[in-house]
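Numbering (the working numbering), first residue to last: 21 to 317.
Written below as C-alpha cells is the structure these notes are about.
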Amino acid sequence: MTVKPAIAMKIGRFCMPCEQNEVDVGIVSEQLASSFQDSPVFPRIWTGPARALYVGPGLNLSPHLNVATTIAVSLRQPFELQTWVKSAGWSPWRSEVISVIPSETLHHLKSIGPMALLYLDPLTDRRHPLSNALLMRGRERLKLAATQIGLDEAFAAFGLRPHGPRDMRIARVVREIERRPSAFGRLQDAAALACLSPSRFRARFDAELGLPFRRYRLWRRMAVVMRTIADGGSLTEAAYAAGFANSAHLSSTFKRMFGLTASDLLALGVTIDVSEDNVLSECEHASRHEVETTRVA
C-alpha cells in the first residue's frame with residue numbers, strides 16, 4: 021500500500037424518508053468510558069477505493085441514507101441516533117456509544133463529542149459477523165490507538181479482514197469500476213462486461229454486494245471526489261472527475277449520502293489521507309488459490 025501525503029484543506033464559508041428494508045440498526049450501549057484524548061480532535065479522513073474512515077469532532081448531521089454499512093463509534097461521550105423504517109417511521113432518539121448502521125438505512129446522528137465513522141467495503145467486508153463483544157473491543161482499541169490510528173488499523177481493530185468475492189463475474193465489474201468510477205452510466209454496459217443479461221446482472225450484483233449497482237457506483241465515485249480534493253483540486257474539478265454534472269449536483273448528492281455538504285466538511289479544515297489499497301486484487305488471488313487447491317484435492 022502506498023500513501024499519498026496528507027493535504028489539509030481549508031475553505032471559506034461556505035431528508036427525506038424513502039423505502040427501506042424492514043431492518044433497524046444494531047445498537048450496543050455501555051456506560052461512558054474514559055476519554056479518547058484530552059486535546060481537541062481535528063477532523064481527518066482516510067479513504068481507499070471502497071473503504072473510508074472519519075475521525076474528528078462530532079457533527080450535527082442531517083438525516084441521510086448511507087450507501088456503505090457504517091460503524092459509528094463515540095470516542096468520548098455518547099451520541100444521539102434515530103433511524104427510519106418503512107413500517108414505523110422514525111424511531112425514538114437513543115443515546116449510544118457504538119452502532120452498526122446497515123447500508124441503505126435512513127438515519128439521523130448527532131454528536132457533540134469526537135467520533136470515528138468506519139465505512140465498510142460492500143464487497144469484501146459485507147459477510148463479517150460483528151458481535152457485541154467484538155464491537156466493544158474494537159472501540160477500546162480505537163481509543164487506545166488515539167492519534168496513531170489509520171485506515172488499516174481501524175478496520176483491524178474490529179477484526180475486519182477482506183473476504184474474497186463469491187462471483188468472479190461481479191468481481192470483474194467491481195474491479196473495472198475501481199479503475200473507472202465515472203464509467204458505466206448504463207447498467208447494460210456493466211452487464212455486458214460480466215457476460216450476463218441486465219436482469220440477471222442486477223440480481224447477481226444485489227446478492228453479492230447487498231446494494232443496487234447504481235448505488236455502489238455512486239459510492240465509488242465519492243472516492244474519486246476525495247482523491248481529487250486531496251490532490252489539490254477544487255470541488256468543481258472533483259465533480260467533473262467523478263462524473264457529476266456540476267458542483268451543485270455533487271453537493272446535493274454528498275449531503276444525501278453523508279448528512280452534510282462537501283464544502284461544509286472541508287470548511288472544518290479536514291485532512292485527507294488517500295491510500296491505494298489492492299483489497300479486491302488480493303481477494304481474487306486468494307479465491308483463485310482456494311479454487312485451484314480444491315480442484316487438486
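Beta carbons are placed, not taken as given, at the ideal position from N, Cα and C, and that holds for glycine.
Compare the C-beta of residue i against all C-beta atoms of chain D and say whether one is closer than 8 Å.
i	result
T89	Absent here is chain D; the protein component of the structure consists of one chain.
Measuring only the C-alpha atoms, how far is residue i from residue j?
i	j	result
L79	P185	34 Å
Y236	R96	32 Å
A261	D251	12 Å
F175	R181	8 Å
H128	A227	27 Å
S219	S202	22 Å
S349	R189	There is no way to answer for residue 349, as the model of the chain reaches only from 21 to 317.
A210	R222	10 Å
A5	R157	Shown here, the chain extends from 21 to 317; a query on residue 5 therefore has no answer.
P63	R199	28 Å
A214	P232	15 Å
P112	P98	16 Å
P243	A108	Note on residue identity: the sequence assigns Ala, not Pro, to residue 243. Taking the straight line joining both Cα atoms gives about 33 Å.
A265	F278	19 Å
R106	R192	According to the sequence as given, residue 106 is Lys; it is not Arg. Distance between the alpha carbons of K106 and R192 is about 34 Å.
T89	A166	23 Å
R159	N152	11 Å
L238	L164	34 Å
H183	G230	14 Å
G289	R114	29 Å
K275	I118	22 Å
P149	P122	12 Å
Determine, using beta carbons only, whether residue i and residue j come nearer to each other than 8 Å.
i	j	result
L126	L85	yes
L143	V87	no
T248	A258	yes
M135	S94	yes
L140	R71	yes
T256	S271	no
R241	G205	no
L101	E116	yes
R224	D187	yes
M246	I292	yes
Taking only three categories from DSSP, how would you classify residue i?
i	result
E124	coil
K130	strand
T67	strand
S151	coil
A262	coil
H269	helix
W104	strand
F175	helix
A227	helix
G76	strand
W110	strand
F204	coil
V193	helix
L238	helix
Could you check how far apart the C-beta atoms of residue i and residue j are, in whole angstroms? I think they sit under 8 Å.
i	j	result
G76	S295	Going by Cβ atoms, the distance from G76 to S295 rounds to 18 Å, so no, they are not a contact pair.
I91	V61	Wrong, their Cβ atoms sit about 17 Å apart, outside the cutoff.
Cβ of residue i within 7 Å of any heavy atom in the ligand MN?
i	result
A72	Looking at this structure, you won't find the ligand MN or any other ligand, since it has none at all.
Skipping 5 residues on each side, what residues in its chain have a beta carbon closer than 6 Å to that of residue i?
i	result
R161	A177
Q208	P218
L73	W66, L138, L171 and A174
S267	L255, T256 and A259
W110	Q102 and W104
I132	G78
K130	N80 and E100
Less than 8 Å between C-beta atoms, sequence neighbours within five positions excluded: which residues of the same chain meet that for residue i?
i	result
L154	F178 and G179
Ignore the nearest five residues each way along the sequence and tell me which others in residue i's own chain have a CB closer than 7 Å to its CB.
i	result
I169	V75 and L162
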